Amino acid sequence: MKNGKITFIGGGNMARSLIGGLITDGFNPQNIHVADPNPDSRQSLTATYPVHSYDCNLTAAQDCDILVLAVKPQQLQSVARRLAPQWSADALLISIAAGLQLEDIARWISPSNTAAIVRVMPNTPALVQAGASALCANHHVSPAQRDHTEALLRAVGTTVWIENESQMDAVTALSGSGPAYFFLLMEAMEQAAIEMGLDPETARLLCLQTAFGAAKMALESSVSTATLRERVTSPGGTTEQALKTFEAGDLRALVKKSLIAAADQSQLLAQQLGQDDD
Ligand SMILES: NC(=O)c1ccc[n+]([C@@H]2O[C@H](COP(=O)([O-])OP(=O)(O)OC[C@H]3O[C@@H](n4cnc5c(N)ncnc54)[C@H](OP(=O)(O)O)[C@@H]3O)[C@@H](O)[C@H]2O)c1
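Numbering that gives the first Met the number 0 numbers the first residue of the sequence shown as 0 and each following residue consecutively.
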């Protein structure tokens, strides 16, 4: 795929991360085309990367092998409908828009429903090449197109295939919204440490490095997070006291309730976003 033409519709944060990752991975920037209505976005993008930029989506998308829809979910329907008349059945469409379902995108881009589409749920750490992306393909996507999609998203982090699209709501609740849960926990830990007498800078550094170290340890270990937790909890020690307090406050039930609320909202938004404008 290193020689194919890839077009991004929308040149915002996520497109920029993917483009940076692709170029770092050896993809020829001259094969990357980006459309964005905002002249400042286009200027800043081309000042950073030697890619082609356009103010017209149709011109950018012409004869592309892969089209990445990187606009806001609310903009995707009108963008896809305008691209539909020139859509080629050989091309692959990748949507990174949160919430939009494969069958809705297919109806908008290809009324004959022959488009090969991969729906991706990335998350914010993709902006620092540490994302977690769940990928879900419709049945028109070939094995080679799956490989191309994986290569693209791997440039900004880890990828996982989801075979049943209904699981995308759980994915959204876990990894899509997940960074915010960890930010909240870090915020609360930092605040508590400050109230216990640490200066803010020390509290922040110790807290962030602890979160990073715990995630790195878990990623590099073959044992479960439960086992890792048990290993650092000595009977009668300090960690045990904190964990008992979390359990007494029913942290697990609260986490489950929160993820279910996020998944329910994801389902609702998908229904709303999937309705035809006309
Ligand atoms: N950022 C994340 O961490 C994250 C995580 C998961 C999923 N996503 C998904 O990724 C997608 C992009 O998010 P983002 O954060 O990159 O958003 P963003 O920074 O707002 O980028 C979207 C870009 O699309 C441009 N645009 C607006 N209308 C357009 C049109 N008709 N044709 C072409 N371009 C158009 C916007 O220009 P203006 O600014 O001038 O409107 C903007 O530059 C969203 O669908 C989002 O759900 C993002």
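Every residue, glycine too, gets a C-beta built ideally from N, C-alpha and C. All values reported here derive from a predicted model rather than from experimental measurement.
Close Cβ partners of residue i (< 8 Å) along its chain, the five nearest in sequence each way excluded
i	result
Y48	I18, G19, I22, P28, I31
D54	A34, D35, P36, P38, R41
I116	L91, L92, I93, S94, L101, I104, A105, I108, A136, N137, H139, V140
L57	R81, L82, Q85
L218	none
T224	A217
E164	Q100, L101, R118, C135
N12	L126
P199	E189, I193
L242	R228, T232
Residues that DSSP places opposite residue i in a beta bridge
i	result
M120	A133
H51	H32
I5	I31, I65
A115	L91
Terminal residues of the alpha helix (DSSP H) in which residue i lies
i	result
T224	224-230
F211	199-219
G20	12-23
T58	56-60
Q166	Here Q166 belongs to no alpha helix (DSSP H), and DSSP marks it neither H nor E.
K256	250-272
S77	72-82
L101	101-108
Delimiting residues of the beta strand (DSSP E) encompassing residue i
i	result
V67	65-68
S233	It is not in any beta strand (DSSP E) - S233 carries neither H nor E in the DSSP assignment.
F181	No beta strand (DSSP E) contains F181, which is instead part of the alpha helix (DSSP H) from 177-194.
L92	91-94
T158	156-160
T148	Counting along the chain, T148 falls outside any beta strand (DSSP E), though it belongs to the alpha helix (DSSP H) covering 142-153.
Own chain partners of residue i with C-beta closer than 6 Å, once the 5 adjacent residues on each side are dropped
i	result
L99	P72, L75, L272
A114	L92, A105, I108
A83	I108
G130	P121, N122, P124, V155, G156
G10	V33, D35, S40, L44
G175	M120, N122
E239	T232
A192	A202
A262	D168, A169, A172
G267	Sequence inspection shows Leu at residue 267; the Gly mentioned does not correspond to that position. Excluding residues within five positions, none has a Cβ falling inside 6 Å.
S16	A125, L126, V155
Whole-angstrom C-beta distance between residue j and residue i, which should lie under 8 Å
i	j	result
P121	V155	7 Å
V119	L66	That pair is no contact at about 13 Å.
M185	L207	7 Å
L134	W160	5 Å
I8	A88	About 18 Å separates the two Cβ atoms, so there is no contact after all.
E189	A210	E189 to A210, Cβ: 10 Å. No contact.
T6	A79	With 8 Å as the limit, T6 and A79 do not qualify as a contact, their Cβ atoms being about 13 Å apart.
Other residues of its chain near residue i: CB distance less than 7 Å, five sequence neighbours each side excluded
i	result
S265	G98, D168, T171, A172
T158	S132, L134, E149, L152
R230	none
Below-9 Å beta-carbon distance, residue i vs any chain C residue
i	result
G11	Protein chain content of the structure displayed is limited to a single chain, and chain C is not contained in it.
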